[in-house]
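In my numbering, the protein residues as written are 3 to 537.
Below is one structure, written out as structure tokens, with a few remarks after it.
What follows is the structure, given as structure tokens:
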């Protein structure tokens with residue numbers, strides 16, 4: 003009889019130990035299988051110490067933005083060559099933004115200062131306080147005094163220092179302008195507590211033509227000015243276009259950007275979208291609801307995956323006013339918002355039964371072939387927080403971490419833990435935080451000690467296995483255990499393996515397993531009933 007393991011892979015907890023494929027493991031801790039054999043993972047490279055203990059971090063140029071909450075969502079500005087390098091985030095009170103001159107403290111960390119996202123409407127209309135007809139034009143000879151009189155309305159918007167213009171407030175009462183060019187004094191509405199970084203106000207006035215009526219810009223005025231005198235006879239400024247540019251709800255979460263420049267967020271069971279490439283403008287018309295409360299959202303291309311406490315949804319559309327959603331026929335709720343990541347163009351999240359993968363084509367429990375509900379629940383999926391690394395789903399939870407490769411279906415446990423992580427696409431590394439220390443994950447020179455235990459090889463009768471061989475480029479860095487009918491019958495410590503065949507105690511057993519550990523790459527494991535079978 004010969005046991006010959008020439009390829010290794012991760013665990014498949016769903017299948018009984020003796021029914022596993024020959025290459026599968028019953029225990030895989032800190033293992034790598036990129037080349038088909040078991041190899042150790044690498045240690046981390048320390049980068050330094052942080053001024054706080056964050057649970058969310060985001061790379062900002064050469065600096066870092068840190069938050070103590072783990073529920074913060076961060077996204078870069080979708081605007082072309084944004085001169086302010088704005089960053090938008092939710093989950094830290096109201097939705098907020100910061101920019102290059104306010105984001106970072108002298109120590110290189112932030113956010114130092116942030117502002118509430120959006121531009122509020124003026125809370126009251128502007129008021130016409132005086133009309134000086136003496137400055138207006140008199141009617142031409144022969145014309146009546148009402149040759150060009152006008153009923154005029156004024157309306158007002160606020161503007162931030164970034165040039166973001168919000169929705170207008172209510173229009174003023176109608177003012178009768180008897181003579182064109184009369185000096186009209188308008189009392190402006192000023193914001194109360196200015197948490198949105200409003201620096202200017204724009205004053206518009208009504209203009210009526212033979213075909214339409216609209217509001218045209220009169221002037222942009224510093225917010226410190228309480229009055230403005232409008233003495234222009236005619237104006238030809240731009241038309242107001244921000245009628246529905248509302249601020250996002252104060253409880254909006256999960257901000258992200260779709261490929262068409264549309265930002266998305268959610269609150270309760272309501273999903274909402276911004277104007278394209280305008281993350282501060284959130285019209286109420288661009289909202290939809292789901293049957294169940296939303297847990298998290300993730301953008302995949304021009305679609306938005308919405309994970310709820312019930313069914314998942316997919317929303318999509320080219321423009322925000324044309325976005326529609328449909329409920330997927332998969333009864334898999336999301337049990338952890340931080341478990342939702344984008345991986346290989348798909349969204350993946352933790353459900354009660356396993357990892358659910360969602361694409362524009364549908365959804366399914368991708369881990370169903372390898373792990374059942376009972377084994378999955380041992381990881382306490384409601385505590386999982388995950389990142390996408392090199393096409394793999396890497397997760398941490400209160401009952402340990404793991405790596406899942408959706409292509410090879412490899413499942414490996416992790417001993418390394420962290421409090422926060424950020425995938426740095428520019429350097430193609432994962433930055434992790436543990437306490438106040440941050441480092442690049444598995445980029446160090448040292449190898450991490452791993453454990454890999456084979457399937458249970460079931461023999462037709464009690465079989466005497468007395469010979470074995472473990473092949474490795476560095477066999478001295480490996481240790482091994484030989485398990486017969488659940489009992490360890492022989493052990494070799496590191497330094498005792500040299501790649502040559504060796505004898506095992508004469509033991510008869512129905513089931514045999516081999517466990518290797520250490521930092522050596524193991525290429526082949528053989529167990530036989532004679533030395534000749536190992537030749």
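For every residue, glycine included, the Cβ atom is placed at its ideal position computed from N, Cα and C.
Just so it is clear, the structure is predicted and the values come from calculations on it, not from any experiment.
Run of the beta strand (DSSP E) containing residue i, from where it starts to where it stops
i, result
"residue 11", "First-last for residue 11: undefined, no H or E at that position."
"residue 65", "65-69"
"residue 258", "255-259"
"residue 468", "459-473"
"residue 434", "431-436"
"residue 398", "394-398"
"residue 48", "47-51"
"residue 274", "272-275"
"residue 413", "412-416"
"residue 526", "526-530"
"residue 297", "296-302"
"residue 110", "Here residue 110 belongs to no beta strand (DSSP E), and DSSP marks it neither H nor E."
"residue 289", "289-291"
"residue 306", "305-310"
Boundaries (first-last residue) of the alpha helix (DSSP H) holding residue i
i, result
"residue 502", "First-last for residue 502: undefined, no H or E at that position."
"residue 378", "375-379"
Distance, residue j Cα to residue i Cα
i, j, result
"residue 407", "residue 394", "5 angstroms"
"residue 500", "residue 24", "24 angstroms"
"residue 66", "residue 292", "35 angstroms"
"residue 540", "residue 277", "Here the chain has residues from 3 to 537 only, and residue 540 is not among them."
"residue 505", "residue 472", "12 angstroms"
"residue 75", "residue 58", "8 angstroms"
"residue 33", "residue 451", "9 angstroms"
"residue 122", "residue 198", "8 angstroms"
"residue 375", "residue 412", "17 angstroms"
"residue 510", "residue 470", "15 angstroms"
"residue 316", "residue 186", "53 angstroms"
"residue 369", "residue 283", "39 angstroms"
"residue 44", "residue 335", "35 angstroms"
"residue 268", "residue 6", "54 angstroms"
"residue 209", "residue 286", "27 angstroms"
"residue 362", "residue 157", "44 angstroms"
"residue 167", "residue 27", "59 angstroms"
"residue 515", "residue 372", "20 angstroms"
"residue 234", "residue 295", "53 angstroms"
"residue 133", "residue 318", "52 angstroms"
"residue 119", "residue 182", "40 angstroms"
"residue 64", "residue 526", "45 angstroms"
"residue 256", "residue 536", "58 angstroms"
"residue 244", "residue 427", "36 angstroms"
"residue 538", "residue 444", "Beyond the ends of the chain as shown, which are 3 and 537, falls residue 538; an answer cannot be given."
"residue 260", "residue 299", "11 angstroms"
"residue 400", "residue 309", "22 angstroms"
"residue 229", "residue 237", "19 angstroms"
"residue 424", "residue 396", "12 angstroms"
"residue 107", "residue 54", "13 angstroms"
"residue 4", "residue 258", "55 angstroms"
Close-in-space but distant-in-sequence residues of the same chain around residue i (CB under 8 angstroms, 5 per side omitted)
i, result
"residue 512", "460, 461, 463, 464, 465, 487"
"residue 366", "332, 358, 359"
"residue 419", "398, 403, 436"
"residue 71", "57, 58, 93, 94"
"residue 79", "86, 87, 88, 89, 90, 281"
"residue 507", "468, 491, 492"
Chain-order list of residues whose beta-carbon lies under 6 angstroms from that of residue i (same chain, five-residue window excluded)
i, result
"residue 30", "12, 13, 414, 454"
"residue 179", "152, 154"
"residue 493", "483"
"residue 113", "67, 100, 105"
"residue 116", "98, 100"
"residue 193", "200"
Beta-ladder partner(s) of residue i, from DSSP
i, result
"residue 454", "30, 518"
"residue 224", "202"
"residue 42", "33"
"residue 265", "259"
"residue 513", "460"
"residue 98", "91, 118"
"residue 425", "432"
"residue 134", "185"
"residue 448", "Answer is none; residue 448 lacks a bridge partner."
Cutoff 7 angstroms; reference residue i; Cβ partners in own chain excluding five residues on either side
i, result
"residue 337", "352, 353, 354, 383, 384"
"residue 264", "275, 276, 278, 322"
"residue 439", "48, 51"
"residue 253", "269"
"residue 102", "86, 87"
Chain C contact for residue i (CB, 8 angstroms cutoff)
i, result
"residue 130", "The displayed structure is made up of one protein chain only, and chain C is not part of it."
Using 8 angstroms as the cut-off, can you tell me whether the region 318-328 makes contact with the region 336-349, which would need three or more C-beta pairs spanning the two stretches below that distance? By the Cβ criterion, the region 318-328 is not in contact with the region 336-349, since fewer than three pairs of Cβ atoms, one from each stretch, lie closer than 8 angstroms.
Taking 8 angstroms as the cut-off, does the region 195-204 touch the region 215-235 (at least 3 CB pairs, one atom from each stretch)? Touching, yes.
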